[in-house]
Each structure stands twice: as C-alpha cells, then as structure tokens.
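Remarks on the structure that follows.
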Amino acid sequence: MNKYIKPAVILFLLISCLAVYLSSNQSNPVSSSNPLYEQIKSKQQDYFKKPQNAYIDQVWKKTPGLNGRKVNIEKSYNKMKKEGTFNEEKLVFEQIPPEVSLEDLPVSPIYRGHPDKEMVSLLINVSWGAEFIPDMVETLSKHRVKANFFIDGAFASEHKDLVQMIEEEGHLIGSHGYGHKDFAKLSKSQALTNLDKANNIISSLVESEIKWFAPPAGSFTMGAVEAAENFDMYTILWTVDSIDWKKPTKDVFLHRITSKLHNGATILMHPTAVTASSLGELIPIIQEQYKIGTLEDLMSEKRGG
1 MNKYIKPAVI
11 LFLLISCLAV
21 YLSSNQSNPV
31 SSSNPLYEQI
41 KSKQQDYFKK
51 PQNAYIDQVW
61 KKTPGLNGRK
71 VNIEKSYNKM
81 KKEGTFNEEK
91 LVFEQIPPEV
101 SLEDLPVSPI
111 YRGHPDKEMV
121 SLLINVSWGA
131 EFIPDMVETL
141 SKHRVKANFF
151 IDGAFASEHK
161 DLVQMIEEEG
171 HLIGSHGYGH
181 KDFAKLSKSQ
191 ALTNLDKANN
201 IISSLVESEI
211 KWFAPPAGSF
221 TMGAVEAAEN
231 FDMYTILWTV
241 DSIDWKKPTK
251 DVFLHRITSK
261 LHNGATILMH
271 PTAVTASSLG
281 ELIPIIQEQY
291 KIGTLEDLMS
301 EKRGG
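Here the UniProt record's numbering is used: position 151 in the sequence shown is 151, and no number is missing along the way.
This is the structure we're talking about:
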C-alpha cells in the first residue's frame with residue numbers, strides 16, 4: 001500500500017462525503033423549527049376534508065363517493081419558501097380515496113353526482129334530430145365542453161358518420177337502447193336482447209367502451225337496470241329536465257335549466273332546434289358556478305380542490 005494517498009483518491013473521498021451530506025439533507029429538506037414550515041403544519045387541519053363513501057340515497061339512488069384531501073406539508077413549503085410567507089393559493093393537496101366506491105354498491109340507477117361536487121353533466125338523448133347534431137357539437141367544441149350522447153341503436157345504423165363524429169370530438173357515447181322502447185314494459189330478457197342489439201351496433205362504430213345506459217323517457221324497471229348491469233353498464237337518469245322536445249322558447253328553455261342547477265346535476269336535453277340555438281348561451285351561464293364534465297368526470301371520486 002502506498003505511503004501517501006494520491007490526490008485523485010482524496011478527491012473521490014471528498015465527493016463521496018458531499019453526496020452523503022446532500023442525500024441526508026434531501027430526505028429531511030427542512031427543519032421542523034422553520035417558522036414557515038411550522039405555520040403550514042399548524043394550519044393543515046383547517047384544510048383537511050374527510051373522504052365520503054359512495055352510498056344509496058332513498059331518492060337519488062346510487063351516489064358516488066368523494067375523495068378527501070390533506071395538505072402535503074413538504075411540497076407546500078417548497079412552493080412558499082422563496083417568498084418566505086404563508087400563501088393559501090400555494091398549498092399542495094393529496095387526495096384521500098373513500099373506502100366504498102360506486103362499483104361496490106348493489107344494483108341501482110344513478111340520478112346525480114356527489115352533492116358536494118361543483119360539477120354538472122349534459123345528457124343528450126338521441127333517437128332523432130340528426131340535422132341539429134353538427135351545430136350542437138360545434139358549439140360544444142367552441143366552448144371546450146364535453147357532453148354525453150346516448151345513441152339509439154336504430155339511429156346509429158342510419159347515421160354512422162354522426163356517431164363517429166361525436167366520438168372523434170371527445171364526447172362520451174352511451175346507449176339509448178334500440179328503437180326507443182319503453183323499458184318499463186320489457187321483461188328483463190327482452191331488455192337484455194334490446195341492449196345487446198344496440199350495443200353491437202354502436203360498438204361497431206366507436207372505439208370507446210359503452211358503459212352508460214339512458215332509458216328512453218326515463219322509463220325503467222329494476223329488471224332493466226339489472227339487464228344493463230349484465231353488460232357492465234350503469235343506468236343513468238337525470239335531475240334537471242329541459243323538456244326541449246316540447247319546443248319551448250329559448251327563454252323558457254334556459255330558465256328551466258338555470259333555475260334548477262345544483263352540485264352534481266345531470267341535465268337532460270335532445271337534439272332539437274331550441275337546444276341547438278341556445279347551447280351557446282347556456283354553457284357560459286352554467287360555467288359561472290360549475291364545471292361541466294362527462295359522466296366519467298362527474299361520477300369519479302376526484303375532487304376539484
């Protein structure tokens with residue numbers, strides 16, 4: 001062994017010691033005695049929200065859960081340390097999932113999203129009105145809003161290009177059954193046959209999975225809901241009805257919707273003249289208070305803040 005340590009070896013040892021020092025400091029980025037760090041830590045309980053389990057409501061049936069949230073102290077501190085002062089807008093949150101999710105609940109229809117979620121969803125049932133769909137889709141795209149289109153299988157057979165165009169624009173495609181049947185008058189076996197026929201047609205036109213079923217006129221039995229469940233589909237109803245098929249004036253159409261908006265609302269409409277001409281005014285009004293998302297967004301446990 002050499003009597004003297006070579007300079008290269010000394011440099012290697014110094015670099016190794018520095019790496020160990022930096023590593024230990026990264027694992028413990030800030031002393032708990034730091035005033036800003038302690039302030040964030042002391043305030044974390046003020047911003048804590050408990051997760052809420054999915055549940056069956058007596059009126060609104062299946063209701064999705066909602067994530068809780070907690071402050072990530074280290075990440076929040078790192079965003080504030082440059083200024084050195086507490087800033088609520090720079091808090092970083094982690095979401096806490098609930099123990100019971102929508103898929104854990106027994107078979108039941110769904111009417112709305114979570115009542116604490118500041119989001120609504122547009123449900124567009126399509127069995128007719130092909131001439132109004134391009135304008136509606138254009139308006140939705142202009143406002144960067146995604147809606148849910150429930151397509152009748154018979155309509156899909158006749159208007160394949162429209163169905164594909166709707167999906168290409170990023171909207172959710174669901175089933176409206178086949179032939180606009182009254183599902184309250186169908187046996188479970190008949191409902192299975194009807195839904196299977198509709199799904200085969202729609203699935204041949206789109207790439208997305210058909211996960212949602214909207215029964216025509218909101219008419220159904222539990223047998224129909226169970227039939228949809230057999231195809232891994234949720235049955236969706238609504239909480240706000242535009243009644244646009246009765247050809248209301250634009251003012252009446254807008255009032256029917258805006259006067260009944262609420263957290264988690266599902267808003268029913270159809271491809272009609274009044275809907276196509278009013279959608280551009282309706283969307284900004286809704287967005288003053290709520291986000292607009294697809295059912296996948298509305299029914300997810302993810303919270304906005």
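The C-beta atom is built at its ideal place from N, Cα and C for all residues, glycine as well.
Values in this document were obtained by computation on a predicted structure and should not be read as measured data.
### CB contact flag (V163, L205, <8 Å)
Here residue 163 refers to the residue found at position 163 when the sequence shown is read from its first residue. Here residue 205 refers to the residue found at position 205 when the sequence shown is read from its first residue. Contact: yes.
### Message
Please give the ranges of any alpha helix (DSSP H) in the segment 42-85, keeping only runs that are unbroken, at least 4 residues long and fully inside the region.
### Response
Here the runs fully enclosed are 73-80.
### Task
Mind the definition here: the segment 265-277 touches the segment 127-142 only if three or more C-beta pairs lie below 8 Å; say whether that holds.
The segment 265-277 vs the segment 127-142: in contact.
### Those residues which DSSP pairs with V240 across a bridge
As a first step, residue 240 is located in the sequence shown; it is residue number 240 there, counting from the start. For V240, DSSP records a beta bridge to I267.
### Task
State whether the segment 108-115 contacts the segment 46-61, with contact taken as three or more CB pairs (one from each stretch) at a distance under 8 Å.
Yes: the two stretches touch, three or more of their Cβ pairs being nearer than 8 Å.
### Message
Checking 8 Å against the spacing of the C-beta atoms, do F253 and A214 come in under that value?
### Response
Here the question's residue 253 lines up with position 253 in the sequence shown. Here the question's residue 214 lines up with position 214 in the sequence shown. It is not a contact, given that the beta carbons lie outside the stated cut-off.
### Query
Does the segment 244-264 touch the segment 113-120, meaning 3 or more C-beta pairs lie closer than 8 Å?
Touching, yes, given that three or more Cβ pairs across the two stretches are closer than 8 Å.
#### Entry: Classification of A130 by the beta-carbon crowding that lies within 10 angstroms, buried from 16 upward
The residue you call residue 130 lines up with position 130 of the sequence shown. Residue environment for A130: exposed (fewer than 16 other C-beta atoms within 10 angstroms of its C-beta).
### Query
So, helix, strand or coil for S121, using DSSP?
Residue numbering aside, residue 121 sits at position 121 when the sequence shown is read from its first letter. Residue state, collapsed to three classes: strand.
#### Entry: At least 3 beta-carbon pairs within less than 8 Å: the segment 36-46 vs the segment 80-95
Contact between the segment 36-46 and the segment 80-95 is present: three or more C-beta pairs spanning the two stretches fall below 8 Å.
### Message
Here's the rule I'm using: 16 or more other beta-carbon atoms within 10 Å means buried, otherwise exposed. How should N25 be labelled?
### Response
If you number the sequence shown from 1, residue 25 lands on position 25. For N25, the predicted model reports a pLDDT of 46, less than 50, meaning its position is unreliable and no value from the coordinates is stated.
### Message
Run through the DSSP bridge pairs and tell me what W212 is partnered with.
### Response
As a first step, residue 212 is located in the sequence shown; it is residue number 212 there, counting from the start. BP columns for W212 point to Y234.
### Task
Rank K49, F48, M165 and G65 by C-alpha distance to the C-alpha of I56 and give the top, closest one.
Mapped onto the sequence shown, residue 56 falls at position 56. The option with the nearest alpha carbon to I56 is G65.
### Query
Beta carbon of A184, beta carbon of F220: below 8 Å?
Position 184 of the sequence shown, counted from the first residue, corresponds to residue 184. Position 220 of the sequence shown, counted from the first residue, corresponds to residue 220. Here A184 is near F220, since their CB atoms are less than 8 Å apart.
### Query
Whose C-beta lies closer than 6 Å to the C-beta of Y21 among residues of the same chain, with five residues either side of it excluded?
Stepping through the sequence shown from its first residue, residue 21 is reached at position 21. Residue placement at Y21 is flagged as unreliable, the pLDDT there being 46, under the threshold of 50; the coordinate-derived value follows with that caveat. Here Y21 has no same chain residue with a Cβ atom under 6 Å from its own Cβ, once five neighbours each way along the sequence are excluded.
### Option in E89, N148 and K142 with minimal Cα separation from N125
Against the sequence shown, residue 125 aligns to sequence position 125. A check of alpha carbon separations from N125 across E89, N148 and K142 identifies N148 as the nearest.
### Message
Classify A224: buried if its beta carbon has 16 or more other beta carbons within 10 angstroms, exposed otherwise.
### Response
For this step, residue 224 is matched to residue 224 along the sequence shown. Its Cβ being crowded by 16 or more others within 10 Å, A224 is buried.
### Query
Q289 lies in the alpha helix (DSSP H); which residues open and close that run?
Translated into the one-based positions of the sequence shown, residue 289 becomes position 289. From DSSP, Q289 is part of no alpha helix (DSSP H); its letter is neither H nor E.
### Query
Name the DSSP beta bridge partners of L195, please?
Translated into the one-based positions of the sequence shown, residue 195 becomes position 195. Listed as beta-bridge partners of L195 by DSSP are no residues whatsoever.
### Message
Per the DSSP calculation, L172 is bridged to which residue(s)?
### Response
Reading the sequence shown from its first residue, position 172 is the one you call residue 172. Partner(s): N148.
### Beta-carbon proximity check, E99 vs K70, cutoff 8 Å
The residue labelled residue 99 in the question sits at position 99 within the sequence shown. The residue labelled residue 70 in the question sits at position 70 within the sequence shown. It is not a contact, given that the beta carbons lie outside the stated cut-off.
### Task
State the CB to CB distance for the pair S121 and L237, rounded to an integer number of angstroms; the pair is presumed to be in contact (CB under 8 Å).
Within the sequence shown, the letter at position 121 stands for residue 121. Within the sequence shown, the letter at position 237 stands for residue 237. Cβ-Cβ separation between S121 and L237: approximately 12 Å, too far for a contact (criterion under 8 Å).
### Query
Do you know offhand how far M269's Cα is from I243's?
Walking along the sequence shown from the start, residue 269 turns up at place 269. Walking along the sequence shown from the start, residue 243 turns up at place 243. Distance between the alpha carbons of M269 and I243 is about 7 Å.
### Task
Within the same chain, show all residues whose beta-carbon is closer than 7 Å to that of S76, passing over the 5 residues directly before and after it, in chain order.
Here the question's residue 76 lines up with position 76 in the sequence shown. Cβ contact annotation for S76 (same chain, cutoff 7 Å, sequence separation greater than five): I40, K90, L91 and V92, in chain order.
### Message
Using only the alpha-carbon positions, how far apart do S127 and H180 sit?
### Response
Taking the sequence shown and counting its residues from 1, the one referred to as residue 127 is at position 127. Taking the sequence shown and counting its residues from 1, the one referred to as residue 180 is at position 180. If I take the Cα positions, the gap works out to 7 Å.
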